[in-house]
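Enquirer: Encoded as structure tokens, here's the structure I'll be asking about.
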Amino acid sequence: MKKTLITGAAGFLGSHLCDRFIAEGHHVIAMDNLITGDLKNIEHLFPLENFEFHHHDVSTFVHLGGELDYILHFASPASPIDYLKIPIETLKVGSLGTLNLLGLAKEKKARILVASTSEVYGDPLVHPQNEDYYGNVSPIGPRGVYDEAKRFMESITMAYHRHHGLDTRIVRIFNTYGSRMRLNDGRVVPAFMGQALRGEDLTVFGDGSQTRSFTYIDDQIEGIYRLLMSDYVEPINIGNPDETTILEFAQEIIKLTGTDQKIVYRPLPQDDPLQRQPDISRAKEVLGWEPQVHRSEGLKKAYDYFKSLSPEELSGNHRNFSAIK
Ligand code: NAD
Ligand code: UDP
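Here it is, written out as structure tokens:
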């Protein structure tokens, strides 16, 4: 049985990865310090014999006994609200956390995949973004704590590959949404859906002309799985090229949820990228991957999930959602 360590396992992407690797028959070692995650996302896996959970901060030394085949490093605050609240922890997990996990991979002779992001392209001057674009990132701006940590993550991962011959993979993840996102993490999908469900107006930042391209969780997990199992070492974009403005997106959510709330405008956060769309030619060619779930279908599934939450969870006051208030 393959043994796989998943960091950030109690978070949105990490918990779905745990499900996938359990379904593939792996023994999954889930690791998380619960700073933005929630044990509720993985509690259904606790009774399984091939699942174990380690409450640990990966920015400190990571020790595991026995053999290990794969490491997926997904621990990191991921929403602008989260990483602005905990900037130093964000820098540490992208840098020291990655260093610790690369060291562990070297020790165990394990293959490691690290979760990078479209944020390495910053506020892009090239559109759509392909993997050869170096990006337009402010190192000292508020988002720099996340963007530069991820750029360092890519850099040190390639160094371990070139210098130590480590078996590495780098995925550049574009905005992904689905069940288990924290309602109060500030990202636009839970923000708009939470507002619609609570009967609040939808907050569009700026004039809403900035664009994003949203990927449904199942498509993202499939892309990550294929990349891990491939022999491709350079970074690969995984995202859905179906681009929309945030204003159109708010209108789409209003239609989907049937809310009679209005759109209200709030200031655009500093360095908020004005456009974002992945060029997925490489993923298509190397992995034979492209998204299968249309936004209308994915949003409906995500809405069904958010609708199923208790009023306490919806209000954002549930104990499981209060880790970094
Ligand atoms: P999330 O906040 O839901 O999950 C992150 C998890 O990491 C949480 O459970 C948190 O408690 C854990 N964590 C944070 N710091 C830790 C530490 N020092 N030690 C142990 N655990 C720690 O976020 P997510 O959306 O699931 O993102 C997961 C990964 O994917 C992140 O690395 C993020 O940068 C990357 N990513 C996500 C998206 C997206 O759209 N969801 C886009 C680009 C990149
Ligand atoms: N956004 C918005 N209203 C909100 C939350 C986000 O208009 O309540 C915008 C935000 O300014 C950005 C886009 O939606 O342009 C996506 O934001 P998110 O935080 O989800 O991700 P990121 O900016 O990291 O792509």
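In the UniProt record's numbering, the protein residues as written are 1 to 325.
Built from N, CA and C at the ideal position, the CB exists for glycine as well.
#1: Should arginine 319 be labelled buried (16 or more other beta-carbon atoms within 10 Å of its own) or exposed?
#2: Can you name the residues that DSSP bridges to aspartate 32?
#3: For isoleucine 88, is the classification buried or exposed, using 16 other Cβ atoms within 10 angstroms of its Cβ as the cut-off for buried?
#4: In whole angstroms, what separates the C-alpha of phenylalanine 192 from that of serine 281?
#5: Could you pull out every unbroken alpha helix (DSSP H) segment of at least 4 residues lying fully inside the stretch 125 to 177, listed in chain order?
#6: Output needed for glycine 316: all residues of its chain with C-beta closer than 7 angstroms, excluding positions within five of it in sequence on either side, in chain order.
#7: Kindly indicate which three-state DSSP category arginine 276 falls into: helix, strand or coil?
#8: Less than 6 angstroms between C-beta atoms, sequence neighbours within five positions excluded: which residues of the same chain meet that for isoleucine 71?
#9: Do arginine 226 and leucine 287 have their C-beta atoms closer together than 8 angstroms?
#10: Within a Cβ cutoff of 8 angstroms, which residues of the same chain sit near glutamate 285, ignoring the five residues on either side of it in sequence?
#11: Since serine 15 contacts isoleucine 42 with CB under 8 angstroms, what's their CB separation in whole angstroms?
#12: May I have the straight-line CA-CA distance separating aspartate 304 from arginine 180, to the nearest angstrom?
#13: Quick check on the DSSP output: the beta strand (DSSP E) that includes leucine 287 runs from which residue to which?
#14: According to DSSP, simplified to helix, strand and coil, what is phenylalanine 74?
#15: State the DSSP-derived secondary structure class of lysine 3, mapped to helix, strand or coil.
#16: Where serine 118 and methionine 153 are concerned, what is the direct C-alpha to C-alpha distance, given to the nearest angstrom?
#17: Which term fits methionine 229, buried or exposed, when burial requires 16 or more other beta carbons within 10 angstroms of its beta carbon?
#18: Between the beta-carbon of arginine 266 and the beta-carbon of phenylalanine 205, is there less than 8 angstroms?
#19: Classify arginine 295 as helix, strand or coil using the three-state DSSP reduction.
#20: Please identify the residue among Ile254, Leu45, Gly199 and Asn136 whose C-alpha is closest to the C-alpha of arginine 20.
#21: Taking 7 angstroms as the cut-off, is the CB of phenylalanine 205 close to at least one heavy atom of the ligand UDP?
#22: From this set, Ala23, Val145 and Met158, which residue's C-alpha is nearest valine 114's C-alpha?
#23: Under the three-state reduction of DSSP, which class applies to glutamate 67: helix, strand or coil?
#24: Would you mind sorting glutamine 277 into buried or exposed? The rule is 16 or more other CB atoms within 10 Å of its CB.
#25: Counting only runs of 3+ residues fully inside the stretch 81 to 125, write out the beta strand (DSSP E) ranges in chain order.
#26: So, do the stretch 45 to 55 and the stretch 126 to 141 have three or more beta carbon pairs nearer to each other than 8 angstroms?
#27: Under 7 angstroms from any heavy atom of the ligand FAD, does the C-beta of threonine 211 make it?
#28: When you compare the stretch 244 to 254 with the stretch 52 to 62, are there three or more beta-carbon pairs, one atom per stretch, that lie closer than 8 angstroms?
#29: If we count the other Cβ atoms within 10 Å of its Cβ and call it buried at 16 or more, is isoleucine 140 buried or exposed?
#30: Determine the DSSP secondary structure at glutamate 200, reduced to helix, strand or coil.
#31: With distances taken Cα to Cα, identify the nearest neighbour of glycine 239 among Gln220, Ala78 and Pro80.
Expert: Once the coordinates are examined:
#1: Only weak support exists for where arginine 319 lies, its pLDDT of 46 falling under 50; the value from the coordinates is given anyway. Its Cβ having fewer than 16 others within 10 Å, arginine 319 is exposed.
#2: His55
#3: exposed
#4: 31 angstroms
#5: 144 to 164
#6: Leu183 and Asn184
#7: coil
#8: Leu5, Leu101, Ala105, Ala110 and Ile112
#9: yes
#10: none
#11: 5 angstroms
#12: 12 angstroms
#13: Per DSSP, leucine 287 belongs to no beta strand (DSSP E) and is neither H nor E.
#14: coil
#15: strand
#16: 13 angstroms
#17: exposed
#18: yes
#19: helix
#20: Leu45
#21: yes
#22: Met158
#23: coil
#24: buried
#25: 111 to 117
#26: no
#27: For the ligand FAD, the structure offers nothing, since it holds only the ligand NAD and the ligand UDP.
#28: no
#29: exposed
#30: coil
#31: Gln220
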